[in-house]
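This report refers to the structure that appears directly beneath it.
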Amino acid sequence: MYSTVLHSKMFSHTTRTNLIKRLQTEPFDLLVIGGGITGAGIALDAASRGLKTALVEKHDFAFGTSSRSTKLIHGGLRYLKQLEFGLVREVGSERAVVHQLAPHLVLPEKMLLPLYEKRGFGSILTSFGLKLYDWLAGVKPEDQRKMLTRKQTLKAEPLLQSSDIKGGAIYAEYRTDDARLTIEIVKTAFRNSAVPVNYCVVTNFNYEDQKITGATIRDDYNNTVFNIKAKTIVNAAGPWVDELRELDNSKKGKRLHLTKGVHIVVPKEKLPVRQAIYFDVGDGRMIFAIPRDRITYIGTTDTNYSDSKEEVRASKDDATYLVNAVNQTFSSKLTVSDIESSWAGLRPLIHEEGKSASELSRKDEIFESDSNLISIAGGKLTGYRKMAERVVDLVIEKYFEDRELKRCYTASIPLTNPGFSSYGEVEVFKRRFPARLVHTYGRATEQIVANASSMDLLLAELEHCMEHEMVVSASDFFIRRTGSLFFNIDRMENGIEPVLQAMKDRLGWSEDKVKTERQRLKDSIKLSGQFL
Ligand code: FAD
């Protein structure tokens, strides 16, 4: 049996039941709608400043865009081209902050940028652009960009097709796991007294004198409906932001413009790149190829989207576009049938008349309605902390000026407890434990490995996620807590039955519930390798 882990407060199925009771009975200062990175960041900021904060997520935490990004904590080199200096400065500088807050999960990653005779920018412009990028973000001298000759570029990545290469550059970014970063922020918000709950949908707003005073919530896990009272509500529902504005009858002026981005996953031997590469496709777009454990993932596309937000899928055209981009850049013969998995996400951007999908700004914006609903959309994973600060500053200024509340200090709240104080400490810890576990669970790895002496490692991971990460469905575990669907599909396929059995035993599931969960997992595997 799993022994209690001392390093963090329980955030389990049982905790969930208690938290639901609190949502039903206690009035809150702030209700945050949406358990993606934006909502999680806002809940942490607000709770740590002293606001009594609740967060509801209609599926699992990070179900939306926050588990379907390129998984980079990056400054957005491409936005320099659009002259978005303010955005690049903000998200660029945030990279080092987020790395410091979770050094086991936000890892330094050198990016190779090949330069071509006939596509992309010239060497002088690129050299200047990268210098500006480093300067805006305050990158440390030892990490600043290095320009490479043709020979050095091809040595760094022998898989590049050599004919058109004229040189390259190496510059600093960070990579992460977006869904894990989100759950760590949710857990940190919980440790700071927030009340975050998954599988709870806001179905209606409640009003007094035409001002919002709360919301009606449908708890899809327990099939119940209840009301929650909140002095203020922030709508951080990502691609669903406008749906909630419509529910509030306040969708006026600016509106969202959703664009779809697809990533494909191939076994490493099909595209054995040595390091992350950001390459020009020749049609004005740039694409990443990122090696990770036993796979390489490639993305992304950027196309207008107006279909179902609940089920976003990659099309054959998306897959073919990415496969062709790879084959024209590397000496590879990738085909669509080599793809073992994929994911597709929606960017919740703000519509700008006459602009194409790629031209739309990635900047965040806040909308306020007459009924006091505050909505936030746009932005990047990387900038979540600053977005949260802006929203909570506004909430406090408008509704809690009479209260003595702290200023934002999330830059000094580590995202794990106990955490690592530096990347060096992570490296030392990795000498004792497998890198995959350390990059996923941080210091909790120690307890998971100890428990794995009496049970299968997969089940020890599951136990940890059920006790400390509010996993209540097998998909939460395989897709968002471990990323197995994308990065280790064999482990997922082999683990389905033992995981379902363990969840059945722990959560008292009926045979019907097990059947539904099994089908859901099988559908996820099928759909991630199939194109519309
Ligand atoms: P979401 O993650 O979508 O969260 C909104 C949540 O609200 C959802 O989970 C949803 O279920 C919930 N919700 C909706 N309606 C309700 C309701 N009625 N009640 C309760 N809950 C509700 N940024 C980077 O910094 N780095 C990258 O590498 C990067 N790559 C990207 C690649 C792609 C393809 C895309 C699409 C985006 C990328 N981004 C990247 C941007 C980044 O991923 C997004 O800006 C960010 O994840 C948006 O988070 P969010 O919380 O606003 O939205």
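For the sequence shown, my numbering gives the first residue as 18, with consecutive numbering after it.
No residue lacks a Cβ here, since even glycine has one placed at the ideal position from N, Cα and C.
For residue 430, the CB contacts under 8 Å within the same chain, skipping 5 residues up- and downstream, are 61, 65, 118, 205, 209 in chain order. DSSP, read as helix, strand or coil, puts residue 83 in helix. Only buried fits residue 464, as 16 or more other CB atoms lie within 10 angstroms of its CB. Here residue 390 is buried, its C-beta having at least 16 other C-beta atoms within 10 Å. For the pair residue 129 and residue 345, the CB atoms are not nearer than the 9 Å cut-off. Listed in chain order, the alpha helix (DSSP H) elements of length 4 or more contained wholly in the segment 176–225 are 195–208. The bridge partners DSSP lists for residue 280 are 316, 360. In the structure shown, residue 511 adopts helical secondary structure according to DSSP, grouped into three states.
Contact between residue 427 and residue 459 is ruled out by a C-beta separation of about 18 Å, above the 8 Å threshold.
Annotated three-state conformation of residue 338 is helix, per DSSP. A heavy atom of the ligand FAD is found nearer than 8 Å to the CB of residue 257. DSSP places residue 46 in the uninterrupted beta strand (DSSP E) bounded by 45–50.
Spanning the alpha carbons of residue 217 and residue 49 requires a straight line of approximately 12 Å. Taken in chain order, the unbroken stretches of beta strand (DSSP E) that lie wholly in the segment 375–415 and span 3 residues or more are 382–385, 390–394. Per DSSP, reduced to three states, the secondary structure at residue 158 is helical.
At a threshold of 8 Å, residue 398 counts as near the ligand FAD, since its beta carbon sits closer than that to one of the ligand's heavy atoms. Rounded to whole angstroms, residue 402 and residue 115 show a C-alpha spacing of 9 Å. In the three-state scheme derived from DSSP, where H, G and I count as helix and E and B as strand, residue 143 is classed as helix. The three-state reading of DSSP puts residue 70 in strand, counting E and B together. Where residue 483 is concerned, the enclosing alpha helix (DSSP H) starts and stops at 474–485.
Nearest Cα to residue 365 within the set 473, 246, 78, 259: 259.
Looking at the DSSP output, residue 431 sits in no beta bridge, so it has no partner there. Pairwise C-beta distances place the segment 245–257 out of contact with the segment 90–106, as fewer than three of them are shorter than 8 Å.
Distance from the CA of residue 342 to the CA of residue 296, rounded to the nearest whole angstrom, comes to 9 Å.
Check the Cα spacing between residue 67 and each of 440, 422, 514, 521: the tightest is with 422. For residue 91, the shortest C-beta to heavy atom distance toward the ligand FAD is below 8 Å. Distance from the C-beta of residue 301 to the nearest heavy atom of the ligand FAD is not below 8 Å. Taking the Cβ of residue 504 as the reference point, every heavy atom of the ligand FAD lies at 8 Å or farther away.
The C-alpha of residue 256 lies about 21 Å from the C-alpha of residue 544. Around the beta-carbon of residue 190, 16 or more other beta-carbon atoms lie within 10 Å, marking it buried.
For residue 415, the CB stays at least 8 Å from every heavy atom of the ligand FAD. Relative to the ligand FAD, the beta carbon of residue 365 is positioned inside 8 Å of a heavy atom. Within the DSSP bridge table, the entry for residue 256 names no partner. Relative to the ligand FAD, the beta carbon of residue 263 is positioned no closer than 8 Å to any heavy atom.
Secondary structure note for residue 457: it is in no beta strand (DSSP E), and the uninterrupted alpha helix (DSSP H) holding it is 452–458. By the neighbour-count criterion, in which 16 or more other beta carbons inside 10 Å mark a residue as buried, residue 435 falls on the exposed side.
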